[in-house]
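Worksheet: the structure to be examined is printed underneath.
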Amino acid sequence: MASSKRFGSVLSSWVDKHFAILTVMPTLTVTILVFGLPLILSLMLSFQGWSAQQSLFGGRFVGFANYIDLFSDPQFTQALWLTIAYTVITVFLELTIGLGVALLLNKDVPFVKAFRTALIVPMMITPIVASMCWKLLLDPNYGIVDYFIGSPILWLGDPTLARISVGFVNVWQNAPYVAILLLAGLRSLPSEPIEAAAIDGATRFQIFRHVTFPLLTPYIVVALLLRTIFEFRTFDNVWVMTGGGPADATKLLSVYTFMTSFFAFDMSLGAAASWIMLLIVFVFCVLFVAASRRKENAL
Amino acid sequence: MSVASSRRNRVIGISLTYFGLIMLLVIFIGPLLWVLGLSLKTRAQIFVTPPVLFWTPTFEHYARVLTQADFIASFMNSLTVTSASVALSLVIGVPASYVFARFRFVGSGAVFYSLLLMRMLPPVAILLPIFILFTRLGIANSRIGLIIAYTTFSLPLIVWIMRDFFEGLPKELEEAAYIDGASRMTTFLRIVLPLARPGIVTASILCLLLAWNDFIFAAILTNNATRTLPVLMATYAGAETGTDWGSMTASGVLVVIPVIIFSLMVQRHLVAGLSAGSVK
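Taken in order, these protein sequences are the chains called E and G.
Heads up: the first sequence begins at 1 in the UniProt record's numbering, then just goes up one per residue.
Heads up: the second sequence begins at 1 in the UniProt record's numbering, then just goes up one per residue.
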């Protein structure tokens with residue numbers, strides 16, 4: 001009894017001494033095993049000619065051949081440019097709509113809280129389900145959208161319209177998220193500069209342009225970077241709504257990578273495409289970390 | 001400016017605000033309500049032109065979906081995978097976030113931000129090597145594999161949110177406990193954790209959303225027996241011939257309703273969590 005008690009106190013003082021390392025260790029171990037290791041594996045595969053039948057380290061080293069193959073594949077370059085254009089446009093729309101919505105929801109009128117609550121709903125919805133809903137709403141025969149327009153439009157059958165539809169669904173689902181981020185920003189802004197400008201006789205637009213907007217900029221930058229990172233990897237709604245079609249019109253980088261890896265089963269090429277995605281996203285991640293770090297230090 | 005005209009301007013301003021707010025509802029909630037309506041119509045009512053606006057709701061589609069073995073199995077898979085991964089990531093991640101908030105050790109900043117980076121990586125890019133590894137380990141097509149993947153994706157989220165939360169807690173209580181001779185573990189379990197409950201609620205919901213809503217990992221890491229709801233929904237949506245609108249809309253509502261009820265219940269925490277990190 002006494003010895004077990006002593007053992008207990010020795011154990012607890014040992015735990016106390018190494019508390020930090022003991023509690024961080026599990027998180028680090030899991031992350032390194034499930035993120036780090038696979039990342040290294042896919043980097044390795046991207047420099048190899050490897051097929052799923054071979055042993056993990058049995059691939060033949062081929063240098064940059066996979067990367068050269070990628071950039072000489074018109075499907076890949078098209079996917080790359082499409083993804084960049086898609087990201088720029090959707091993020092721009094999400095930010096402008098999100099800012100407008102945030103300004104509207106920032107007004108102190110009765111019941112505005114209920115409207116804020118309602119706006120949480122679209123972004124909670126499972127992306128697959130949201131896309132499925134929009135697929136039904138846009139149905140050329142029985143969809144409510146075409147009923148209101150009065151003519152059957154093949155929203156997902158025409159290359160240009162399919163791109164617009166897919167982008168629209170993402171903006172619809174994520175603009176509320178930007179709105180909530182910016183609303184939180186607006187609510188935390190100091191009121192003195194705005195009141196001072198109002199006393200000086202500035203118009204509402206002048207106040208927004210010269211006081212509110214500059215104060216809100218750090219929040220906008222963070223929202224911009226976050227949304228860029230997430231739009232760049234868009235997959236779910238494209239997959240459900242168009243599957244990358246028609247005629248590859250909505251084959252974004254994520255869809256290309258997915259199909260190369262799991263449909264064409266060219267794992268080495270898929271790994272190379274993954275790494276190009278990773279490198280592009282990495283740049284924005286570093287910018288995001290820098291931006292959120294700077295804000296943290298400012299506080 | 002006369003009193004009358006400034007009052008008129010205010011009335012116009014408020015009316016415009018409400019007009020804008022109602023437009024918001026129409027655009028962002030309207031489509032969802034329409035789909036909800038479809039799920040409560042009979043087959044004939046769904047396809048009739050002009051659309052029926054007033055009708056007696058029927059629950060036939062819900063009854064059919066809820067008696068489908070496929071749906072029930074996927075629902076149970078989603079439930080198992082989600083709750084297991086949320087529980088696991090809380091147990092692993094919450095103590096770690098406390099350490100990131102209270103301790104400064106060599107490289108703690110670097111480790112914290114590397115975790116954040118992991119959260120940002122495109123899932124499709126990490127999916128291929130995970131699939132290869134899990135296949136070799138024999139845990140592809142099992143719920144275990146999915147639970148491990150979701151837990152790993154949740155950890156950075158938890159560390160990110162909970163670190164902010166712990167930093168906001170007063171240090172004095174912990175210091176008082178140390179002076180009274182409490183160990184670090186006891187202090188953490190007895191004093192810090194109870195105070196952190198609102199933060200833990202937020203973090204769990206965000207992890208829950210991640211696991212419940214994920215499609216791409218589940219699509220590759222499961223088979224027909226272990227697939228989750230989003231994967232099942234995608235097979236519905238992919239069926240071009242004779243799409244069964246009633247079943248699709250009803251099952252869509254069944255997938256989404258629990259999450260929405262849950263999120264609205266803890267709305268205040270959730271908004272704080274969604275803007276945590278980015279708002280700081």
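Glycine included, every Cβ here is placed at the ideal spot set by N, Cα and C.
Keep in mind it's a predicted model, so treat the numbers as computed, not measured.
Among the residues of the segment 59-87 of chain G, none has a Cβ less than 7 Å away from any Cβ of chain E. Residue state for residue 104/G is assigned as coil, using DSSP reduced to three classes. About 6 Å separates the Cβ atoms of residue 152/G and residue 35/E, confirming a contact at the 8 Å cut-off. Under the Cβ distance rule, residue 12/E counts among the residues neighbouring chain G, one pair being separated by less than 8 Å. Residue 48/E has 61/E as its beta-bridge partners, per DSSP.
Chain-order list of chain E residues neighbouring residue 267/G: 117, 120, by C-beta distance under 8 Å.
Within its own chain, the residues whose Cβ lies closer than 7 Å to the Cβ of residue 149/G, once the five positions on either side in sequence are excluded, are 130, 217, 221, listed in chain order. Looking at the backbone, the Cα of residue 261/E and that of residue 224/E are separated by about 30 Å. For residue 9/E, the three-state secondary structure derived from DSSP is helix.
With a threshold of 16 other beta carbon atoms within 10 Å, residue 251/E meets it and is buried.
For the options 70/G, 204/G, 164/G, 83/G, the alpha carbon positioned closest to that of residue 266/G is the one of 204/G.
Residue 157/E carries a coil assignment under DSSP once its states are collapsed to helix, strand and coil. Non-local C-beta neighbours of residue 256/E in its own chain, meaning closer than 7 Å and more than five positions away in sequence, comprise 75, 76, 79, 273, ordered along the chain. The contact set of residue 274/E on chain G, defined by CB atoms closer than 9 Å, consists of 122, 124, 125, 126, 127, 128, 129 in chain order. One thing to note: residue 158/G has its Cβ within 8 Å of the Cβ of residue 93/G. In the DSSP annotation of this structure, residue 202/E is not part of any alpha helix (DSSP H), being labelled neither H nor E.
Between residue 213/G and chain E, the shortest Cβ-Cβ separation is below 8 Å. Residues of the segment 225-241 of chain G with a C-beta less than 9 Å from any C-beta of chain E: 229, 230, 231, 233, 234, 236, 237, 238, listed in chain order. Residues of chain E with a Cβ closer than 7 Å to the Cβ of residue 263/G are, in chain order, 120, 124.
Chain-ordered listing is empty here: chain G has no CB closer than 7 Å to the CB of residue 217/E, the nearest sitting near 13 Å. Taking all protein chains in view, the Cβ of residue 85/G is crowded by 16 or more other Cβ atoms within 10 Å, so the residue is classified as buried. In the assembly as shown, residue 108/E is an exposed residue. Its beta-carbon has fewer than 16 other beta-carbons within 10 Å. Taken in chain order, no unbroken stretch of beta strand (DSSP E) lies wholly in the segment 123-191 of chain E with a span of 3 residues or more.
Close to residue 17/G, with beta-carbon spacing below 9 Å, are these residues of chain E in chain order: 104, 107, 109, 112. For residue 179/E, the CB contacts under 6 Å within the same chain, skipping 5 residues up- and downstream, are 98, 101, 102 in chain order. Residue contact with chain E for residue 42/G: absent (no Cβ-Cβ distance below 8 Å to any residue of chain E).
Separation of residue 265/E and residue 175/E (C-alpha to C-alpha, rounded to the nearest whole angstrom) is 36 Å.
In the three-state DSSP reduction, residue 72/G falls in the helix class (H, G or I).
The beta-carbon separation of residue 49/E and residue 128/G, rounded to 15 Å, does not stay under the 8 Å limit for a contact.
Buried is the label assigned to residue 139/E, since at least 16 other Cβ atoms lie within 10 Å of its Cβ. With a threshold of 8 Å between beta carbons, residue 150/G makes no contact with chain E. Counting along the chain, the unbroken alpha helix (DSSP H) around residue 129/G starts and ends at 123-137. The C-alpha of residue 62/G lies about 12 Å from the C-alpha of residue 72/G. Below the 9 Å Cβ cutoff, chain E contributes no neighbours of residue 162/G, its closest Cβ being approximately 11 Å away. By the neighbour-count criterion, in which a residue is buried when 16 or more other Cβ atoms sit within 10 angstroms of its Cβ, residue 213/G is buried. Taking 8 Å as the CB threshold, residue 10/G stays off the interface with chain E.
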